[in-house]
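S.K.: Each residue of the sequence shown is one higher than the last, beginning at -13 in this note's numbering.
Below: one structure in structure tokens.
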Amino acid sequence: ILKKVFEFYKSSYLAYKEGWTMVGNITSSELEKYLPTPTTPENLKPFFTPAIIHIQNKKDCKEGTIGIEFDCTWDIKSGLGISIRDWKVVEASVAEIAYFLP
């Protein structure tokens, strides 16, 4: 999970930073409290926490397919989500991917 979240975060970091800095004056140290510079997956751990596990109804659910939604400091509106298929994390993105399971 941490590896996929970090890959997503690192690839989205500049867009998030642009959003955070366009709304006003924010210092670099203040920004780091919510939008840390992507250095290692382990350094990202304190910035997101699990919130909801999504499991489809029995009729549509395939074993090993779940979604996990997280609260995260860098995107309080859209959150963070991961999609797990066949017990493997296949994608990390905004929270909605956690509940739009195939």
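Where a beta carbon is used, it is the ideal one built from N, C-alpha and C, also for glycine.
Can residue 34 and residue 22 be called in contact, C-beta distance under 8 Å?
M.R.: Going by C-beta atoms, residue 34 is not nearer than 8 Å to residue 22.
S.K.: Beta carbon of residue 78, beta carbon of residue 70: below 8 Å?
M.R.: Not in contact: residue 78 and residue 70 (Cβ atoms no closer than 8 Å).
S.K.: Looking at the structure shown, is residue 35 part of a helix, part of a strand, or coil, going by DSSP?
M.R.: DSSP places residue 35 in strand when its eight states are reduced to three.
S.K.: Mind reading off the beta-carbon distance from residue 84 to residue 53? Whole number of angstroms is fine, and I expect it under 8 Å.
M.R.: Contact holds; Cβ gap of about 3 Å.
S.K.: Residue 16 to residue 7, Cα distance in whole Å?
M.R.: In a straight line, the C-alpha of residue 16 is about 11 Å away from that of residue 7.
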